[in-house]
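Enquirer: There's a structure below that I have some questions on.
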Amino acid sequence: MLLLLAFFHVVSARFLHVPDEAINEIAYTLQLVDENAAGPNDAIFYYQDHIKKGSNAQYRFIPCISKSYQKKPTVLALLHLMEEFEPQIGRREIESPRKLKRIDNFMTEVIKTKVMNVTYQFLKKLNCSETDSMETFKQWLKKLWFTTFPRRKRTVDSSAFEHVFIGELEGKKVKGLHNWIRFAYLESKGKLDYIGFISERQDSVATISFKWSNVTKPVGGMLLGSSPEFDMAIFTLCYLFRPGGKPCRFYYKGCEVTVVSYYIQRNGQNFMSTAYPKAGDICLTPKTHLLHDYRIPQAEADVKKENDTVPIYGNCSSVDVNRAALKDVTFNYQFHVSVGKPPPERFITFISQSYKKKPTVAAFLDLMNTFNPEIGSEEKPSAEQRKKAYLKQRQ
Numbered sequence: 015m016l017l018l019l020a021f022f023h024v025v026s027a028r029f030l031h032v033p034d035e036a037i038n039e040i041a042y043t044l045q046l047v048d049e050n051a052a053g054p055n056d057a058i059f060y061y062q063d064h065i066k067k068g069s070n071a072q073y074r075f076i077p078c079i080s081k082s083y084q085k086k087p088t089v090l091a092l093l094h095l096m097e098e099f100e101p102q103i104g105r106r107e108i109e110s111p112r113k114l115k116r117i118d119n120f121m122t123e124v125i126k127t128k129v130m131n132v133t134y135q136f137l138k139k140l141n142c143s144e145t146d147s148m149e150t151f152k153q154w155l156k157k158l159w160f161t162t163f164p165r166r167k168r169t170v171d172s173s174a175f176e177h178v179f180i181g182e183l184e185g186k187k188v189k190g191l192h193n194w195i196r197f198a199y200l201e202s203k204g205k206l207d208y209i210g211f212i213s214e215r216q217d218s219v220a221t222i223s224f225k226w227s228n229v230t231k232p233v234g235g236m237l238l239g240s241s242p243e244f245d246m247a248i249f250t251l252c253y254l255f256r257p258g259g260k261p262c263r264f265y266y267k268g269c270e271v272t273v274v275s276y277y278i279q280r281n282g283q284n285f286m287s288t289a290y291p292k293a294g295d296i297c298l299t300p301k302t303h304l305l306h307d308y309r310i311p312q313a314e315a316d317v318k319k320e321n322d323t324v325p326i327y328g329n330c331s332s333v334d335v336n337r338a339a340l341k342d343v344t345f346n347y348q349f350h351v352s353v354g355k356p357p358p359e360r361f362i363t364f365i366s367q368s369y370k371k372k373p374t375v376a377a378f379l380d381l382m383n384t385f386n387p388e389i390g391s392e393e394k395p396s397a398e399q400r401k402k403a404y405l406k407q408r409q
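Convert by adding 14 to the 1-based position in the sequence shown; the result is the number in the working numbering.
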């Protein structure tokens, strides 16, 4: 423990000179190598209404995480940790053999990732003593995040990991809970009730309000779609580079983010207390896989009621009721353009009759011959009625 304390003091002093540009650059590099980040078909973030509306959101904030995504090594290892912590501040954390084994497994998977390798190499260039080897680095990270300490009094009831990734409850307050996978997990169990958003920054970072076990967190922030190792890496770097509440700024998925971190002192020792993201004012990229005003089909609609236990893990494309199945269409690529001759067959050689009868597809097909493709030529007035019919089908 003394080693951890000494290392924190040394590297914090050494890293204070690291400029914002360097932090933004390493954050960008970590995004590029984050193989366990959620892709466009892995998760849906459904903001719905601003909290100013005064009523709770009708649906869950994260109605879906794909089955394939939950199988990613670090994600699966994180899910196995969900029920291993006592969230009530004041109740002693039990370090059972199973819990310790799952923590070690989580760290083993995390340290194998490209994100953590890049983080390790970056700190090594800064001559950090805890980067003599990957194993040394792993053990230091494990101590930083999982060493337990008393959050309030003498009871050893908390850790940085529990606070940030799992969340804690204290009286009528929710503490921490800054991980989107944990958030979705609690929603799926009917333990968390999404109220609405405070700031919506695409699928980058969200500032939202919610209730956990009927306890309200008025303002909570989390990165969206990030891997567990990305959160751990960037929060660790911000804790080292900008300690004591200093703003740690970077861009995540094109949106400005500020991470704020603090330490807590107990018995003369410093422990990492918290780290959380706050949305900035700037976003540079277009929206990707959000749901904002999208109408979820009724089969998927009841995803936020008090007794709901619908699993979050499923095929996120299930909300697209008019998508084409494998049996509905055939795409025939044939050969590359470098061959220099036209292919003998069409690219799309088959669309099933049943697919053509789907409401929006049928309405779209009805529009096909109502437009004049020649720029400069007047559109046919008769097309207006069909256009209205198509738009009505989309509602």
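Backbone N, C-alpha and C define an ideal beta-carbon position, used for all residues, glycine too.
Please classify Q45: is it buried, with 16 or more other beta-carbons within 10 angstroms of its beta-carbon, or exposed?
Expert: It is buried - the Cβ of Q45 has at least 16 other Cβ atoms within 10 Å.
Enquirer: Enumerate, from N- to C-terminal direction, the unbroken beta strand (DSSP E) stretches of 3 or more residues contained entirely within the stretch 352-386.
Expert: You should have 362-365.
Enquirer: Take D48 as the anchor and find which of V32, I248 and T288 has the nearest alpha-carbon.
Expert: Among V32, I248 and T288, the Cα nearest to that of D48 belongs to I248.
Enquirer: Determine which residues share a DSSP beta bridge with K225 and list them.
Expert: Answer is D207 and T230, bridged to K225.
Enquirer: Helix, strand or coil: which one does DSSP assign to N131?
Expert: Helix at N131.
Enquirer: Anyone know if the C-beta pair for F99 and I180 falls short of 7 Å?
Expert: Going by C-beta atoms, F99 is nearer than 7 Å to I180.
Enquirer: Just the Cα atoms here: how many angstroms apart are L379 and Q367?
Expert: Distance between the alpha carbons of L379 and Q367: 12 Å.
Enquirer: Using a 10 Å radius around the Cβ and a threshold of 16 neighbouring Cβ atoms, would you call H350 buried or exposed?
Expert: H350 comes out exposed.
Enquirer: Identify every run of the beta strand (DSSP E) within the stretch 161-199, keeping only runs that are complete inside it and at least 3 residues long; order them along the chain.
Expert: For the stretch 161-199, whole beta strand (DSSP E) runs of length 3 or above, ordered along the chain, are 182-184 and 187-189.
Enquirer: Quick check: A293 and V273, are their CB atoms within less than 7 Å of each other?
Expert: No, these two residues do not count as a Cβ contact at 7 Å.
Enquirer: Which residue marks the beginning of the alpha helix (DSSP H) containing C252, and which one marks its end?
Expert: P242 to F255 is the extent of the alpha helix (DSSP H) around C252.
Enquirer: Where in the stretch 44-103 do unbroken runs of the beta strand (DSSP E), each at least 3 residues long, occur, reported from the N-terminal end onward?
Expert: Complete beta strand (DSSP E) runs here, min 3: 57-60.
Enquirer: Per DSSP, G258 is paired with what?
Expert: Looking at the DSSP assignment, G258 forms no beta bridge with any residue, so it has no partner.
Enquirer: With a threshold of 7 Å on Cβ separation, who are the neighbours of D245 within its own chain once the five nearest residues in sequence on each side are excluded?
Expert: N193 and L237, listed in sequence order.
Enquirer: Would you kindly report the start and end of the unbroken beta strand (DSSP E) that includes T344?
Expert: It spans V343 to F345 - the beta strand (DSSP E) in which T344 sits, taken as one unbroken run.
Enquirer: For K152, which residues of its own chain have a beta-carbon under 7 Å away from its beta-carbon, when the five flanking residues on both sides are left out?
Expert: Within the same chain, K152 has close Cβ partners M121 and I125.
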